[in-house]
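In the UniProt record's numbering, the protein residues as written are 1 to 316.
Structure representation (structure tokens):
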């Protein structure tokens, strides 16, 4: 799923491509994408004749601002926008087309069909779902250290699921939570209320740094993501932990391991990010470091045979 850096990159490219264009006609062929209104004919009729004034972003949502209307769109898993000549062949899985008066068109393609679109009167979108309950915007000037600490509060939730909660901080998904936690040297299973002041400060700075760097790189094309001009992002080449299972940590050389935290695949350096006591990760690490009964037996047998060294099995 595109996260903040990918959505921000799409926003920037589309803003330069469609601002000032007027909608002549709308073709919508997949009603399930349309949430408000949910009728394709009503959706099209509401949009026709409106001019795009700009494209903005709130969390992982795009806000297409028009004269007297706002379209809120979420890309979900694989949604993507692109601008084409209106006479170009339409690719499969293109479900919504905004035909412009200048002979070009904005097309929305979604193979998985999970994306959503809502229409609002200006300002109404912030008082309604899906934007109403969104949390802190991590690249906005309002994202201060004090605001971050307040958002964490005294929650006992594991830090990774908490950071994925869009009502706490917006825009963070699996990729950038793993990256920020690795940079901050915090294990994803740590309870939020156990973080020390210095750890909170490191995490706050890591979130801002990771997202800013990813935006500058155009996002991460880990799967199918491309921006509004069909270009891939480049931040996937700079990932520290996410998707690097078995590869050496760039800080200490320890292999990155993958586990499940909060139902999500999670990438961690077991040395740089110490697991909390009592966690599954800590127990696994401890069990791997203790000799097994079989290992002990083999070592004793060799000593009884007159050898003064442990069997190679003790290293397995």
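Each residue gets a CB set at the ideal place from its N, CA and C atoms; glycine is no exception. Please read these numbers as outputs of a predicted model, since none were measured by experiment.
For residue i, which of helix, strand or coil comes out of DSSP?
i           : result
residue 52  : strand
residue 123 : coil
residue 237 : helix
residue 114 : coil
residue 31  : helix
residue 134 : coil
residue 62  : strand
residue 1   : coil
Can you name the start and end residues of the alpha helix (DSSP H) that residue i belongs to?
i           : result
residue 197 : 197-216
residue 150 : 145-152
residue 18  : 4-18
residue 46  : 40-47
Per DSSP, which residues does residue i bridge with? Please list them.
i           : result
residue 25  : 99
residue 158 : 191
residue 259 : 266
residue 109 : 80 and 94
residue 57  : 62
Ends of the beta strand (DSSP E) at residue i?
i           : result
residue 184 : Careful: residue 184 lies outside any beta strand (DSSP E), inside the alpha helix (DSSP H) at 174-184.
residue 73  : 69-74
residue 264 : 264-268
residue 220 : Here residue 220 belongs to no beta strand (DSSP E), and DSSP marks it neither H nor E.
Are the CB atoms of residue j and residue i within a distance shorter than 8 Å?
i           : j           : result
residue 47  : residue 55  : no
residue 253 : residue 235 : no
residue 186 : residue 207 : no
residue 173 : residue 3   : yes
residue 43  : residue 19  : no
residue 58  : residue 162 : no
residue 145 : residue 223 : no
residue 228 : residue 17  : yes
residue 147 : residue 139 : no
Chain C beta carbons: is any one of them nearer than 8 Å to that of residue i?
i          : result
residue 80 : Looking at the structure shown, chain C is missing, and only one protein chain is on hand.
**Prompt:** Should the region 84-101 be called in touch with the region 18-34, which here means at least 3 C-beta pairs below 8 Å?
**Reply:** yes
**Item:** the region 73-83 / the region 103-122 touching (three or more Cβ pairs under 8 Å)
**Value:** yes
**Item:** At least three beta-carbon pairs within less than 8 Å, the region 205-214 to the region 177-184
**Value:** yes
**Asked** Counting pairs of Cβ atoms below 8 Å between the region 257-271 and the region 187-194, do you hit three or more?
**Response** Two segments are said to touch when three or more pairs of C-beta atoms, one from each, lie closer than 8 Å; by this definition the region 257-271 touches the region 187-194.
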